[in-house]
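Worksheet: the structure to be examined is printed underneath.
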Amino acid sequence: MRLGVARAIVDGEFIDGDIEFDEGRVTAIGIAPAGADGIAVPGFVDIQVNGFAGIDFSDATPEDYSAVSLALTATGVVAYQPTLITLPEDQVIAALETLAAVPPDQSGASIIGMHLEGPFLSPERAGAHDPASMVDPDLALAERFLGAGPVTTMTLAPERPDAISLIELLISRGITVSCGHSNATAAEAHAAFDAGAVLVTHLFDAQRPFHHRDPGIVGAAMSRPDITASIIVDGFHLAPETVRIAMAAPARVALITDSIAAAGRGEGTYALGDRAVTVANGSARLDNGTLAGSVLTMDGAVRNLVDIGVDLPTAIEAATAVPAQAIGRADLGRLAVGAAADLVVLSDELAVQRTLTGGTEVFSQR
Numbered sequence: 058m059r060l061g062v063a064r065a066i067v068d069g070e071f072i073d074g075d076i077e078f079d080e081g082r083v084t085a086i087g088i089a090p091a092g093a094d095g096i097a098v099p100g101f102v103d104i105q106v107n108g109f110a111g112i113d114f115s116d117a118t119p120e121d122y123s124a125v126s127l128a129l130t131a132t133g134v135v136a137y138q139p140t141l142i143t144l145p146e147d148q149v150i151a152a153l154e155t156l157a158a159v160p161p162d163q164s165g166a167s168i169i170g171m172h173l174e175g176p177f178l179s180p181e182r183a184g185a186h187d188p189a190s191m192v193d194p195d196l197a198l199a200e201r202f203l204g205a206g207p208v209t210t211m212t213l214a215p216e217r218p219d220a221i222s223l224i225e226l227l228i229s230r231g232i233t234v235s236c237g238h239s240n241a242t243a244a245e246a247h248a249a250f251d252a253g254a255v256l257v258t259h260l261f262d263a264q265r266p267f268h269h270r271d272p273g274i275v276g277a278a279m280s281r282p283d284i285t286a287s288i289i290v291d292g293f294h295l296a297p298e299t300v301r302i303a304m305a306a307p308a309r310v311a312l313i314t315d316s317i318a319a320a321g322r323g324e325g326t327y328a329l330g331d332r333a334v335t336v337a338n339g340s341a342r343l344d345n346g347t348l349a350g351s352v353l354t355m356d357g358a359v360r361n362l363v364d365i366g367v368d369l370p371t372a373i374e375a376a377t378a379v380p381a382q383a384i385g386r387a388d389l390g391r392l393a394v395g396a397a398a399d400l401v402v403l404s405d406e407l408a409v410q411r412t413l414t415g416g417t418e419v420f421s422q423r
């Protein structure tokens, strides 16, 4: 089958011509005749989604997951990590057990696995999380989490006691470790990275600020070629200049939405785990004004990055291959012959026109 596009973005480059796919796989790229319009790109990979379309993953049902998976395809997302903020143990266990019960053959975006953003975080950099539920790294507690459901990423504060032991345990189980909500010094961050942590969760936000004599986790991450940092480009979490600084190393920067249940909805009050969040004028905040996730969509993040001055192929990589590779899923976020036909067709204005998973159209604006 032909996709009917004018060009595609492949490995950071524009390729003129159409895309062909068969039996769920891409079979040819850049073939003539090209379609009249449309840009084919790999499907987006969002590794931090707290909720979407009115649903928060802290109390979601299997049916809710199916609804979110389908709704996300309208934003170009073909794979995602549902995310839990810091919560009491019983709530985390219950949420993981629910995810384990979600049928694997649902339509829409595929679920990679759960991202646990806590509870092993720093109360000094709590952000929107409840400091009262944060605890020191506890290997027995971590084992209970891992036994309850499919955990694929965990964010932790590397300066907390026994954090290195926890990192080593998680790495041994094939789980991606990210550092965030952290007051770590550069030395403490380097120790975590040397132990196997490979990500920093929402760089600059909820972590020790960069100082030229105290670079902290930000400076440590940006100084290393083996660390990827995620960023939220919603116009609230980071100034444009800050985004440009981060994008000086584009191969190591992943776009995330950090979206909450309000994403895809409108203004009002929504749940983020056990927190109440008010959405007004495009931002999501606690009553004290603290930013609490976002209402950003991944296609919006790509457009925002381009508006800041990043070229489109680089912005697409930040929404696809970079996050996928950071969590050890090099099979995702690719447009290549032989790869899964998980594709998005963008208009010249970078609006999502169509989304395909495994060659099946799951969203169309036509």
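Take 58 as the starting number for the sequence shown in the numbering used here and just add one per residue.
Where is the CB? At the ideal position from N, CA and C, for every residue including glycine.
Residue range of the beta strand (DSSP E) that residue i falls in?
i	result
residue 235	233-236
residue 65	64-67
residue 76	75-79
residue 420	417-421
residue 171	171-174
residue 389	Run containing residue 389: none; DSSP gives neither H nor E here.
residue 286	285-288
residue 410	409-414
residue 401	400-403
For residue i versus residue j, is the C-beta spacing smaller than 8 Å?
i	j	result
residue 75	residue 59	yes
residue 196	residue 222	yes
residue 375	residue 311	yes
residue 437	residue 267	There is no way to answer for residue 437, as the model of the chain reaches only from 58 to 423.
residue 211	residue 153	no
residue 92	residue 412	no
residue 123	residue 148	no
residue 320	residue 332	no
residue 399	residue 105	no
residue 358	residue 290	yes
residue 381	residue 372	no
residue 239	residue 199	no
residue 62	residue 396	no
residue 137	residue 96	no
residue 65	residue 88	no
residue 257	residue 236	yes
Cα separation between residue i and residue j?
i	j	result
residue 121	residue 254	31 Å
residue 166	residue 401	12 Å
residue 108	residue 125	8 Å
residue 178	residue 67	38 Å
residue 139	residue 249	24 Å
residue 131	residue 111	15 Å
residue 356	residue 241	32 Å
residue 182	residue 273	13 Å
residue 244	residue 216	9 Å
residue 417	residue 406	24 Å
residue 246	residue 277	6 Å
residue 186	residue 206	22 Å
residue 234	residue 270	26 Å
residue 113	residue 142	10 Å
residue 188	residue 336	22 Å
residue 334	residue 384	29 Å
residue 345	residue 264	18 Å
residue 309	residue 161	30 Å
residue 281	residue 392	27 Å
residue 408	residue 420	12 Å
residue 389	residue 338	34 Å
residue 193	residue 220	8 Å
residue 116	residue 329	10 Å
residue 251	residue 293	32 Å
residue 128	residue 354	11 Å
residue 423	residue 72	24 Å
residue 435	residue 118	With the chain represented from 58 up to 423, any question about residue 435 goes unanswered, as that position is not in the structure.
residue 288	residue 94	31 Å
residue 171	residue 297	30 Å
residue 342	residue 133	26 Å
In the DSSP assignment, the alpha helix (DSSP H) including residue i goes from what residue to what residue?
i	result
residue 156	146-157
residue 378	378-383
residue 274	273-279
residue 302	297-303
Please determine whether the Cβ atom of residue i lies at a distance below 7 Å from any heavy atom of the ligand PLP.
i	result
residue 179	As for the ligand PLP, it is missing from this structure, which has no ligand bound.
Report task. Count the C-beta pairs between the stretch 146-160 and the stretch 211-228 that are closer than 8 Å, then say yes if the count reaches three, no if not. Result -> no
Requested in this report: Could you pull out every unbroken alpha helix (DSSP H) segment of at least 4 residues lying fully inside the stretch 316-373, listed in chain order?
Outcome: 355-365
Query - Inside the stretch 193-242 only - alpha helix (DSSP H) runs reaching at least 4 residues - result: 196-205, 220-229
Query raised in the report: Is the stretch 295-310 touching the stretch 361-376, taking contact as three or more C-beta pairs under 8 Å?
Result: yes
Query - Every unbroken beta strand (DSSP E) inside the stretch 83-154 [3 residues or more] - result: 96-99, 101-106, 134-141
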